[in-house]
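There are 2 protein chains.
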Amino acid sequence: MSATDLLSRAAASVALHIDGHLSDWPDIPVTHAMRHALGGGKALRGALVLEGGRLHGMPERQAIWPAAGVEALHAYSLVHDDLPAMDDDDLRRGRPTVHVAWNEATAILAGDALQSLAFELVSDPRGAPTGEARSDLALSLARASGGRGMVLGQALDIAAETADSPLDLRQVEELQSAKTGALIVWAAEAGARMAGADPAPLSAYGTALGRAFQIADDLLDATGDAQAAGKRLRKDAEAGKATFVELLGIEGAKTRANALVQDAQDALAPYGPDADPLRALARFVIARNR
Amino acid sequence: MSATDLLSRAAASVALHIDGHLSDWPDIPVTHAMRHALGGGKALRGALVLEGGRLHGMPERQAIWPAAGVEALHAYSLVHDDLPAMDDDDLRRGRPTVHVAWNEATAILAGDALQSLAFELVSDPRGAPTGEARSDLALSLARASGGRGMVLGQALDIAAETADSPLDLRQVEELQSAKTGALIVWAAEAGARMAGADPAPLSAYGTALGRAFQIADDLLDATGDAQAAGKRLRKDAEAGKATFVELLGIEGAKTRANALVQDAQDALAPYGPDADPLRALARFVIARNR
């Protein structure tokens, strides 16, 4: 299966699962805003969970729980990052951001409830088969998301905007590894964690993939098309932020992203050809236009 | 032990545990803001977890994990509720709110990281003894906190401010049961969940206690002293919100709160005199001045 087919199938499965899960939730703006924020994404993280789960014998009807969970966590982070006090973005996934379509209070609450929803989904007994595995998923997701993971990355990113000097390559790598890398690594590892297996190969894959993803994001920000991307571009240059493109040059960034994609594919060796869909996903992350 | 002794010991234990847990976290404003938000509270929820845990044979060194977790969850909710787009409060626990002491972005991020921290703490293997119990704690905490629990309550509370007509008694009860009740019930039940025991008696206790707590909060808001309370009072009357005091009158509210405290104490019958500290806590919630 091609990476785009894999992603569109994962996006459809996640959307169906979340629609079902939220179907009897209160009919109030916060719930509507949660659904809005959950829609329209690539579902890269969800696809990683489903594929990693498949490699470890987890049927999709079980792996869909943590897959939907990581998409809810990611959606919360976008809703809050887009707030006026943070990155102040109006457009996301080609649609108005939550605080534009509703208001700031609704965006704060919808993001908060999406974070709770993420932990609800990964902890559901219909997902990972043992309490140990579900608890391990929740603990690792909390660490990847919190003040030493994703939130740390966003805080460093905001601090960089007003710093006296731009970040160097090591600092940009540290920032990005926290801001987007930790959650991608979590998604890659989740299938192994569900099965109580060693997550090391998927962890190495996810680490390389996450780095390639972020370099591709910087290339997209510098050279991409805002309409295809569905969000505002050239933000980093306008904000005077150090990016991989600025630090490595466009060609240097492309070379490095390609090498990381090779690392990601190599890390899957223990799984043999069974992991070809994950290899295709790795190639996709540097070829995407959104 | 008196309720005030119980609470001050719980507050000290939670503070010590969280200080230790955060000791090697990044030295950035978000971490400092998290510590600020975690300090100075009554630790009612943490004390409920520790006492419920004690009744089920859980040593404090284990019960402290979910006790600190629920205090982190509660702290996150206060930081976000105080934001300008929400209740816009400057003072909390007698100190400046996070967005006043730092800024809005830091308050949003610190709240987000406190929510992640809550799930990290309840999922830690040094806490509840089995994976099943830890996963059950995380799932029930996510449900109590999210879009059908605490966030729903806050959303209904904000909606009530601009509604055409004030809420009736049933609607106020529904709002408060979601906004503050769900988390208090979770805290009361947590000790039984840790031990894999039936949480029903503690659930009944927590439900009655949560209702009494909210009526006491309304009485405090209407008749209390802002300096002792450490936060702005008379907010509800100014906002034209329906409260238990307005709907039942001051004497009616006191009578109802007393009846609920009796219910809470009666629910503890299966535990005999071992539950006397929880009975004292129930009496305390309607006698407190903050």
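These protein sequences, in sequence, are chains A and B. To convert a position in the first sequence, counted from 1, into this note's numbering, add 50. To convert a position in the second sequence, counted from 1, into this note's numbering, add 50. C-beta: ideal position from N, C-alpha, C; glycine also.
Query - Amino acids of chain B, ordered along the chain, whose beta-carbon sits closer than 9 Å to that of I158/A - result: Start at 1 with the first residue of the first sequence, and residue 158/A comes out as number 108. Under the 9 Å cutoff, chain B gives H130, L133, A135, M136, I158 and G161.
Query raised in the report: When DSSP labels each residue in this structure, what does R142/B get in the three-state scheme?
Result: One-based indexing of the second sequence puts residue 142/B at position 92. Three-state result, R142/B: strand.
Requested in this report: Apply the 10 Å Cβ neighbour rule to T305/B and answer buried if 16 or more other Cβ atoms are within range, or exposed otherwise.
Outcome: Against the second sequence, residue 305/B aligns to sequence position 255. T305/B should be labelled exposed.
Report task. Tell me where the alpha helix (DSSP H) around S227/B begins and ends. Result -> Counting from 1 along the second sequence, the entry for residue 227/B is found at position 177. Here S227/B belongs to no alpha helix (DSSP H), and DSSP marks it neither H nor E.
Requested in this report: Go ahead and pull the three-state DSSP assignment for S173/B.
Outcome: In the second sequence, residue 173/B corresponds to position 123, counting from 1. Residue state, collapsed to three classes: coil.
Query raised in the report: Is it buried or exposed for E239/A, if we count other Cβ within 10 angstroms and need 16 for buried?
Result: By one-based count along the first sequence, residue 239/A stands at place 189. Counting the other Cβ atoms within 10 Å of the Cβ of E239/A gives 16 or more, which makes it buried.
Query raised in the report: Is the CB-CB distance between A65/A and A125/A below 8 Å?
Result: Numbered from its first residue, the first sequence carries residue 65/A at position 15. Numbered from its first residue, the first sequence carries residue 125/A at position 75. Taking 8 Å as the Cβ cut-off, A65/A and A125/A do not qualify as a contacting pair.
Report task. Enumerate in chain order the residues of its own chain whose CB-to-CB distance from G280/B is below 8 Å, with the five nearest sequence positions on each side excluded. Result -> As a first step, residue 280/B is located in the second sequence; it is residue number 230 there, counting from the start. Within the same chain, G280/B has close Cβ partners G90, L141, R142, R143, G144, R145 and R340.
Query raised in the report: Whose Cβ in chain A lies nearer than 9 Å to the Cβ of L167/B?
Result: To locate residue 167/B, count along the second sequence from 1; it is residue 117. Within chain A, the residues near L167/B are A192, G196 and G197.
Query - Opening and closing residue of the alpha helix (DSSP H) in which S185/A lies - result: Along the first sequence, read from residue 1 onward, the residue named residue 185/A stands at position 135. Boundaries of the alpha helix (DSSP H) harbouring S185/A: G181 to S195, taken from the DSSP string.
Report task. Whole angstroms is fine: what's the gap from M244/A's alpha carbon to L217/A's? Result -> Working through the first sequence from its first residue, we reach residue 244/A at position 194. Working through the first sequence from its first residue, we reach residue 217/A at position 167. C-alpha separation (whole angstroms): 37 Å.
Query raised in the report: Taking L105/A as the reference, which of G119/A, V120/A and G241/A has the closest Cα?
Result: The residue labelled residue 105/A in the question sits at position 55 within the first sequence. Nearest option by C-alpha distance: G241/A.
Requested in this report: Compute the beta-carbon to beta-carbon distance between F169/A and A188/B, rounded to the nearest angstrom, for a pair I have assumed lies under 8 Å.
Outcome: Sequence index remark: in the first sequence, residue 169/A carries index 119 (1-based). Sequence index remark: in the second sequence, residue 188/B carries index 138 (1-based). Contact holds; Cβ gap of about 6 Å.
Query - Helix, strand or coil at W152/A [DSSP, three-state] - result: Here residue 152/A corresponds to residue number 102 of the first sequence, with the count starting at 1. Coil at W152/A, not helix or strand.
Query - Beta-carbon gap between A314/A and A237/A smaller than 8 Å - result: Here residue 314/A corresponds to residue number 264 of the first sequence, with the count starting at 1. Here residue 237/A corresponds to residue number 187 of the first sequence, with the count starting at 1. No, Cβ-Cβ distance for A314/A and A237/A is not below 8 Å.
Report task. Kindly indicate if chain B contains any beta-carbon less than 8 Å away from that of T273/A. Result -> Counting from one through the first sequence, the residue named residue 273/A turns up at place 223. Interface criterion not met: the Cβ of T273/A is under 8 Å from no Cβ in chain B.
Query - Straight-line gap, K229/A to M200/A (C-alpha atoms, nearest Å) - result: The count along the first sequence starts at 1 and reaches residue 229/A at position 179. The count along the first sequence starts at 1 and reaches residue 200/A at position 150. Spanning the alpha carbons of K229/A and M200/A requires a straight line of approximately 4 Å.
Requested in this report: Would you list, in chain order, the members of the segment 202 to 213 of chain A that have their beta-carbon closer than 8 Å to a beta-carbon of chain B?
Outcome: Per Cβ criterion, the list reads L202, Q204, A205, L206, I208 and A209.
Query raised in the report: For the putative contact between S166/B and G196/A, defined by C-beta atoms under 8 Å, what is the C-beta separation to the nearest angstrom?
Result: One-based indexing of the second sequence puts residue 166/B at position 116. One-based indexing of the first sequence puts residue 196/A at position 146. That pair is a contact at about 3 Å.
Query - Beta-carbon contacts of V235/A that lie in its chain and below 8 Å, excluding the five residues immediately before and after - result: Within the first sequence, residue 235/A is the residue found at index 185, counting from 1. Cβ within range, chain order: A194, S253, G256, T257 and G260.
Requested in this report: For chain A, find out if any of its Cβ atoms is closer than 8 Å to the Cβ of V235/B; answer yes or no.
Outcome: Position 185 of the second sequence, counted from the start, is the residue given in the question as residue 235/B. Answer no: the Cβ-Cβ gap between V235/B and chain A never drops below 8 Å.
Query - Amino acids of chain A, ordered along the chain, whose beta-carbon sits closer than 7 Å to that of T155/B - result: Taking the first residue of the second sequence as position 1, residue 155/B is located at position 105. A small correction: the amino acid at residue 155/B is Ala; Thr does not occupy that position in the sequence shown. Neighbours of A155/B in chain A, taken as residues at a C-beta separation under 7 Å, are given in chain order as A135, M136 and I208.
Requested in this report: Please list, in chain order, all residues of the same chain as E223/B whose beta carbon is under 8 Å from its beta carbon, the five residues on each side excluded.
Outcome: As a first step, residue 223/B is located in the second sequence; it is residue number 173 there, counting from the start. Excluding positions up to five away in sequence, the list reads R261.
Query raised in the report: S52/B by DSSP, collapsed to three states: which one?
Result: For the purposes of this step, residue 52/B is identified with residue 2 of the second sequence, where counting begins at 1. In the three-state DSSP reduction, S52/B falls in the coil class, being neither helix nor strand.
Query raised in the report: Does the count of Cβ pairs from the segment 286 to 302 of chain A and the segment 268 to 277 of chain A closer than 8 Å reach three?
Result: Contact holds: three or more Cβ-Cβ distances are below 8 Å.
Query raised in the report: Considering only the beta carbon of each residue, do R338/B and A266/B sit closer than 8 Å?
Result: Within the second sequence, numbered from 1, the residue matching residue 338/B stands at position 288. Within the second sequence, numbered from 1, the residue matching residue 266/B stands at position 216. Result yes, Cβ atoms of R338/B and A266/B sit closer than 8 Å.
Query raised in the report: Looking at the C-beta of E239/B, does it have a partner C-beta in chain A at a distance below 8 Å?
Result: Translated into positions along the second sequence, residue 239/B becomes position 189. For E239/B, the answer is no, since every Cβ of chain A falls outside 8 Å of its Cβ.
Query raised in the report: In angstroms, rounded to a whole number, what distance separates the CA positions of G70/B and A60/A?
Result: What you label residue 70/B is simply residue 20 of the second sequence in a count that begins at 1. What you label residue 60/A is simply residue 10 of the first sequence in a count that begins at 1. Cα to Cα, the separation comes out at about 40 Å.
**Report entry** Residues that Q65/B contacts on chain A, provided the C-beta gap is smaller than 7 Å
**Finding:** Position 15 of the second sequence, counted from the first residue, corresponds to residue 65/B. Residue identity check: residue 65/B is Ala in the sequence provided, not Gln. Here the premise fails: no neighbours, minimum Cβ distance about 17 Å.
Requested in this report: Could you give the DSSP three-state label for W115/A: helix, strand or coil?
Outcome: Numbered from its first residue, the first sequence carries residue 115/A at position 65. Three-state result, W115/A: helix.
Query raised in the report: Between the C-alpha atoms of P50/A and P251/A, what's the straight-line distance to the nearest angstrom?
Result: An answer regarding residue 50/A cannot be provided, because it is not within the stretch 51 to 340 covered by chain A.
Query raised in the report: Looking at the structure shown, is M108/A part of a helix, part of a strand, or coil, going by DSSP?
Result: Your numbering for residue 108/A matches position 58 in the first sequence. The answer is coil: DSSP assigns M108/A none of H, G, I, E or B.
Query raised in the report: So, helix, strand or coil for N339/B, using DSSP?
Result: Mapped onto the second sequence, residue 339/B falls at position 289. N339/B sits in coil when the DSSP states are folded into three classes, being neither helix nor strand.
Query raised in the report: Counting only beta-carbon atoms, is R184/A nearer than 8 Å to chain B?
Result: Residue mapping note: residue 184/A aligns to position 134 of the first sequence, counting from 1. Yes, contact with chain B.
Requested in this report: Would you check if the distance between the CB atom of A278/A and the CB atom of S52/A is smaller than 8 Å?
Outcome: On the first sequence, position 228 is the one that residue 278/A refers to. On the first sequence, position 2 is the one that residue 52/A refers to. No.
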